[in-house]
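Novice: Numbering (the numbering used here), first residue to last: 18 to 153. Have a look at this one before I ask anything.
Take a look at the structure:
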């Protein structure tokens, strides 16, 4: 696993991961996240502008994401969330996740938001406790 595509492939294999933010109250907030893509050499996630999560990343951009696969290996992904308005990314999100399209209907829906990560650090740990830092 050496690049962003490999990181997203691992995430896809897991199916579901958990993303944490600093809540508006200052406490950690964790939620399940399934919509992750690699597009134009960036990792993107989808959310709704109506969710508290969206407010959290606007107020404090630092996030951490964790996904675990069937063999117990897990990935920690840390970075700074940057909200994007790229329609091509939203179209790619619709293509990969039909449920996202069912929810938002149109890529121009003002409730549909995507964000990417900057300053990524990624670490993979296997069940034996061996850690690998990944280049992202």
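Yeah, the Cβ is synthetic: ideal placement off N, Cα and C, and Gly gets one too.
1) Expressed to the nearest angstrom, what Euclidean distance is found between the alpha-carbon atoms of residue 32 and residue 26?
2) Between 43, 20 and 121, which lies nearest to residue 59 when the distance is taken from Cα to Cα?
3) Where DSSP assigns a beta bridge to residue 100, which residues make up the other side?
4) Using three-state DSSP, classify residue 33 as helix, strand or coil.
5) Specify the secondary structure class of residue 22 as computed by DSSP and reduced to three states.
6) Can you pull the DSSP bridge partners for residue 149?
7) Determine which residues share a DSSP beta bridge with residue 81 and list them.
8) What residues match up with residue 53 in a beta bridge as DSSP calls it?
9) CA-CA distance, residue 136 and residue 101?
10) For the alpha helix (DSSP H) containing residue 115, name the first residue and the last one.
11) Just to confirm my understanding: we take residue 82, look at its own chain, exclude 5 residues before and 5 after, and list those with CB closer than 6 Å. What are they?
12) Per the DSSP calculation, residue 124 is bridged to which residue(s)?
13) Straight-line CA distance for residue 144 to residue 125?
14) Am I right that residue 62 and residue 131 are in contact with their C-beta atoms under 8 Å? What's the rounded C-beta distance?
Specialist: From the atom records:
1) 10 Å
2) 20
3) 132
4) coil
5) helix
6) 141
7) 37 and 95
8) 62
9) 16 Å
10) 115-121
11) 34, 36 and 94
12) DSSP lists no partner for residue 124.
13) 43 Å
14) 7 Å
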